[in-house]
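Q:
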Amino acid sequence: MKILVIGGTVFLGKHIVKKALKRKHDVTIFHRGKHNTEFEQNVKEIFGDRRKEIHKLERENFDYVIDTCGYFPGDVEKSVNVLKGNIDKYLFVSSISVYKNFNVDEITEESPVEYKEEEELENKITNETYGPYKARCERVVRENLKEKSVVVRPGLIAGPGDPSDRFTYWVKRIEKGGKIIAPGKKSKRIQFIDVRDLAEWIIKLGEDKKSGIYNAVGPSKNINMEELLNICRTEINKKARFIWMDENFLLKEEVIPWSDLPLWLPDSMNMGGMMKVSKKMAAENGLSYRKVRDTINDTLKWFNNNRTELKAGLDLEKEKKLIKKYNKI
137 MKILVIGGTV FLGKHIVKKA LKRKHDVTIF HRGKHNTEFE QNVKEIFGDR RKEIHKLERE
197 NFDYVIDTCG YFPGDVEKSV NVLKGNIDKY LFVSSISVYK NFNVDEITEE SPVEYKEEEE
257 LENKITNETY GPYKARCERV VRENLKEKSV VVRPGLIAGP GDPSDRFTYW VKRIEKGGKI
317 IAPGKKSKRI QFIDVRDLAE WIIKLGEDKK SGIYNAVGPS KNINMEELLN ICRTEINKKA
377 RFIWMDENFL LKEEVIPWSD LPLWLPDSMN MGGMMKVSKK MAAENGLSYR KVRDTINDTL
437 KWFNNNRTEL KAGLDLEKEK KLIKKYNKI
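Here the working numbering is used: the first residue of the sequence shown is 137, the next is one more, and so on.
1) Are Ile310 and Cys368 touching if we call contact CB-CB under 7 Å?
2) Kindly give me the distance between the Cβ atoms of Ile317 and Glu453, rounded to whole angstroms, as I take these residues to be in contact under 8 Å.
3) Give me the Cβ distance between Arg278 and Ala352, rounded to the nearest whole Å; I'm assuming they're in contact under 8 Å.
4) Taking contact to mean 3 or more Cβ pairs, one atom from each stretch, closer than 8 Å, check whether the segment 220-235 and the segment 259-277 are in contact.
5) When you compare the CB positions of Glu194 and Val218, do they come within less than 7 Å of one another, or not?
6) Got a sec? Which residues, its chain only, sit under 6 Å from Lys315 by beta carbon, not counting five neighbours each side?
7) Do Phe303 and Gly409 come within 7 Å of each other at the CB atom, strictly closer than that value?
8) Mind checking whether Glu283 and Ser215 have CB atoms under 7 Å apart?
9) How many Å lie between Trp400 and Asn433 at the Cα?
10) What does a CB cutoff of less than 6 Å around Ile223 pick up in its chain, not counting 5 residues either side in sequence?
11) Out of Lys160, Ser404, Leu450, Tyr350, which has the shortest C-alpha to C-alpha gap to Val391?
12) Which residues in the same chain as Leu140 place their Cβ atom closer than 6 Å to its Cβ, once the five residues preceding and following it in sequence are excluded?
13) When DSSP labels each residue in this structure, what does Asp382 get in the three-state scheme?
14) Compute the Euclidean distance between the alpha carbons of Asp162 and Met381, then round it to the nearest angstrom.
15) Classify Gly149: buried if its beta carbon has 16 or more other beta carbons within 10 angstroms, exposed otherwise.
16) Cβ of Thr204 within 7 Å of Cβ of His171?
17) Residues in its own chain within less than 6 Å of Pro355 by CB, not counting five upstream and five downstream?
18) From Tyr266, Asp241, Gly184, pick the residue whose C-alpha is nearest to that of Glu250; which is it?
19) Quick one: is Lys308 buried, meaning 16 or more other Cβ sit within 10 Å of its Cβ, or exposed?
20) What residue range is occupied by the uninterrupted alpha helix (DSSP H) comprising Phe439?
21) Got a sec, what are the start and stop residues for the alpha helix (DSSP H) His151 sits in?
22) Report buried or exposed for Glu174, applying the criterion of at least 16 other Cβ atoms within 10 angstroms of its Cβ.
23) Locate the alpha helix (DSSP H) running through Ile243, then write down its first and last residues.
24) Buried or exposed, going by whether 16 or more other CB atoms sit within 10 Å of the CB of Phe183?
25) Looking only at its own chain, which residues have a Cβ that is under 8 Å from the Cβ of Ile152, when we skip the five neighbours before and after it?
26) Given a cut-off of 7 Å on the beta-carbon distance, is the pair Asn360 and Lys412 in contact?
27) Compare the C-alpha of Asn406 against each of Thr370, Tyr305, Asp241, Phe166 and name the closest.
28) Using the beta-carbon count (16 or more within 10 Å), is Gln327 buried or exposed?
29) Do you know how far the Cα of Asn280 is from the Cα of Gly210?
30) Going by DSSP, what residue range makes up the alpha helix (DSSP H) through Tyr211?
31) Buried or exposed: Lys357, going by 16 or more other Cβ atoms within 10 Å of its Cβ?
32) Does DSSP put His191 in a helix, in a strand, or in coil?
33) Mind checking which residues open and close the alpha helix (DSSP H) that includes Arg278?
34) When the distance is taken between beta carbons, is Val212 closer than 7 Å to Gly206?
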């Protein structure tokens with residue numbers, strides 16, 4: 137296939153390009169030139185800001201467009217309008233954040249999404265506007281491209297190259313060892329997807345000429361927080377010791393869910409459904425998963441070879457103080 141990747145220079149986009157090249161596709165990336173784009177094989181690059189210079193793609197023809205960086209509906213609409221007559225399929229990378237209600241036992245592709253009116257969104261991306269903006273972007277793609285459109289809604293994406301460090305925090309913290317705060321209920325279900333599995337599947341959706349909407353979460357079997365941390369300990373540092381703390385204590389001590397302790401969503405947030413997203417449709421349409429231990433080990437290896445400081449996670453001194461205080465209760 138002749139593939140256009142809009143973005144393609146950071147986390148998911150870079151893995152998509154690598155997977156496409158490995159599968160012998162002809163790849164063009166449209167990007168602003170702000171990140172390193174060294175790939176092992178030749179990739180055609182078209183430089184431009186999608187908001188102002190999408191016209192550079194007017195005379196190009198592609199079998200498959202993969203839009204990895206659409207956040208505002210106006211920007212996505214410009215891309216769609218320029219490309220719709222010259223493509224076979226257009227895949228938009230959205231997010232499970234589009235869903236309206238996370239206080240549910242399961243979320244499927246049929247669950248309601250939240251659009252909000254344009255004037256409510258203030259033309260900037262925040263925790264509150266990210267999901268509704270993505271939902272409006274989806275609508276632009278689907279209404280304009282109909283059967284040419286594919287929408288993928290990933291959950292938390294993990295693996296080598298992750299710039300957020302949300303999954304990586306646990307890998308690195310367990311490598312360091314000692315007493316480690318583990319938040320809330322051991323049995324609380326969590327979900328994430330390895331970026332390489334997601335990237336490969338996105339290419340496969342194009343090869344198979346699929347249309348429609350798909351959630352993209354993992355791993356293959358349901359897993360809870362205790363199970364994930366235990367696998368990390370087994371793979372990385374068997375001497376690490378988890379101190380399971382009541383989430384009310386953590387909240388009282390101003391520990392921030394998802395940021396200080398990634399993957400933790402306390403019951404009081406009414407967000408349990410965010411980790412109970414159905415993967416049935418994706419699995420039936422070709423999504424496959426590597427083992428959790430492979431994601432853990434490969435993430436650690438990548439971080440240690442490329443990075444030194446985490447962008448997410450609890451400060452070690454604060455963690456020590458919290459453990460000391462908790463032990464006195």
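In this text, a Cβ means the ideal position worked out from N, Cα and C, and glycines have one as well.
A: According to the data block:
1) As a working mapping, residue 310 is identified with position 174 in the sequence shown. As a working mapping, residue 368 is identified with position 232 in the sequence shown. Yes; because the gap between Cβ atoms is below 7 Å, this pair is in contact.
2) Translated into positions along the sequence shown, residue 317 becomes position 181. Translated into positions along the sequence shown, residue 453 becomes position 317. The Cβ separation is near 13 Å, so there is no contact.
3) Counting from 1 along the sequence shown, the entry for residue 278 is found at position 142. Counting from 1 along the sequence shown, the entry for residue 352 is found at position 216. With 8 Å as the limit, Arg278 and Ala352 do not qualify as a contact, their Cβ atoms being about 17 Å apart.
4) yes
5) Counting from 1 along the sequence shown, the entry for residue 194 is found at position 58. Counting from 1 along the sequence shown, the entry for residue 218 is found at position 82. Yes, these two residues count as a Cβ contact at 7 Å.
6) Against the sequence shown, residue 315 aligns to sequence position 179. Contacts found: Arg377, Ile379, Ile459.
7) For the purposes of this step, residue 409 is identified with residue 273 of the sequence shown, where counting begins at 1. For the purposes of this step, residue 303 is identified with residue 167 of the sequence shown, where counting begins at 1. Not a contact, by the Cβ cut-off of 7 Å.
8) Position 147 of the sequence shown, counting from 1, holds the residue named residue 283. Position 79 of the sequence shown, counting from 1, holds the residue named residue 215. Contact: no.
9) Here residue 400 refers to the residue found at position 264 when the sequence shown is read from its first residue. Here residue 433 refers to the residue found at position 297 when the sequence shown is read from its first residue. Each residue's Cα considered, the two are about 21 Å apart.
10) Within the sequence shown, numbered from 1, the residue matching residue 223 stands at position 87. So the list reads Phe198, Val201, once near-sequence residues are dropped.
11) Walking along the sequence shown from the start, residue 391 turns up at place 255. The residue with the shortest Cα to Cα distance from Val391 is Leu450.
12) For the purposes of this step, residue 140 is identified with residue 4 of the sequence shown, where counting begins at 1. Answer for Leu140: Thr164, Phe198, Val201, listed in chain order.
13) Within the sequence shown, numbered from 1, the residue matching residue 382 stands at position 246. Of the three classes helix, strand and coil, the one that applies to Asp382 here is coil, per DSSP.
14) Start at 1 with the first residue of the sequence shown, and residue 162 comes out as number 26. Start at 1 with the first residue of the sequence shown, and residue 381 comes out as number 245. So the alpha carbons of these two residues sit roughly 51 Å apart.
15) For this step, residue 149 is matched to residue 13 along the sequence shown. So Gly149 ends up on the buried side.
16) Your numbering for residue 204 matches position 68 in the sequence shown. Your numbering for residue 171 matches position 35 in the sequence shown. Their beta carbons are not under 7 Å apart, which means Thr204 does not touch His171 by this criterion.
17) Residue mapping note: residue 355 aligns to position 219 of the sequence shown, counting from 1. Only Tyr425, Val428 meet the Cβ criterion.
18) In the sequence shown, counting from the first residue as 1, residue 250 sits at position 114. Comparing Cα positions, the closest option is Tyr266.
19) Taking the first residue of the sequence shown as 1, we reach residue 308 at position 172. It is buried - the Cβ of Lys308 has at least 16 other Cβ atoms within 10 Å.
20) On the sequence shown, position 303 is the one that residue 439 refers to. From DSSP, the alpha helix (DSSP H) with Phe439 extends over 428-442.
21) Position 15 of the sequence shown, counting from 1, holds the residue named residue 151. Run containing His151: 147-158, per the alpha helix (DSSP H) assignment.
22) For the purposes of this step, residue 174 is taken as residue 38 along the sequence shown, with counting starting at 1. Its Cβ having fewer than 16 others within 10 Å, Glu174 is exposed.
23) Here residue 243 corresponds to residue number 107 of the sequence shown, with the count starting at 1. Per DSSP, Ile243 belongs to no alpha helix (DSSP H) and is neither H nor E.
24) Sequence index remark: in the sequence shown, residue 183 carries index 47 (1-based). Burial call: exposed.
25) Within the sequence shown, residue 152 is the residue found at index 16, counting from 1. Within the same chain, Ile152 has close Cβ partners Val141, Gly144, Ile202, Thr204, Ala335, Ile338, Ile339.
26) Reading the sequence shown from its first residue, position 224 is the one you call residue 360. Reading the sequence shown from its first residue, position 276 is the one you call residue 412. Not a contact, by the Cβ cut-off of 7 Å.
27) Indexing the sequence shown from 1 puts residue 406 at position 270. Minimum Cα distance to Asn406 is reached at Asp241.
28) Against the sequence shown, residue 327 aligns to sequence position 191. Gln327 should be labelled buried.
29) Along the sequence shown, one-based indexing puts residue 210 at 74. Along the sequence shown, one-based indexing puts residue 280 at 144. Distance between the alpha carbons of Gly210 and Asn280: 13 Å.
30) The residue you call residue 211 lines up with position 75 of the sequence shown. Reading off the sequence shown, one finds Asp at residue 211, where the question assumed Tyr. Where Asp211 is concerned, the enclosing alpha helix (DSSP H) stretches over 209-219.
31) For the purposes of this step, residue 357 is taken as the residue at position 221 of the sequence shown. Result: exposed.
32) Within the sequence shown, numbered from 1, the residue matching residue 191 stands at position 55. If DSSP states are grouped into helix, strand and coil, His191 belongs with the helices.
33) The residue given as residue 278 occupies position 142 in the sequence shown. 266-281 is the span of the alpha helix (DSSP H), which, as asked, contains Arg278.
34) Here residue 206 corresponds to residue number 70 of the sequence shown, with the count starting at 1. Here residue 212 corresponds to residue number 76 of the sequence shown, with the count starting at 1. For Gly206 and Val212, yes; Cβs fall inside 7 Å.
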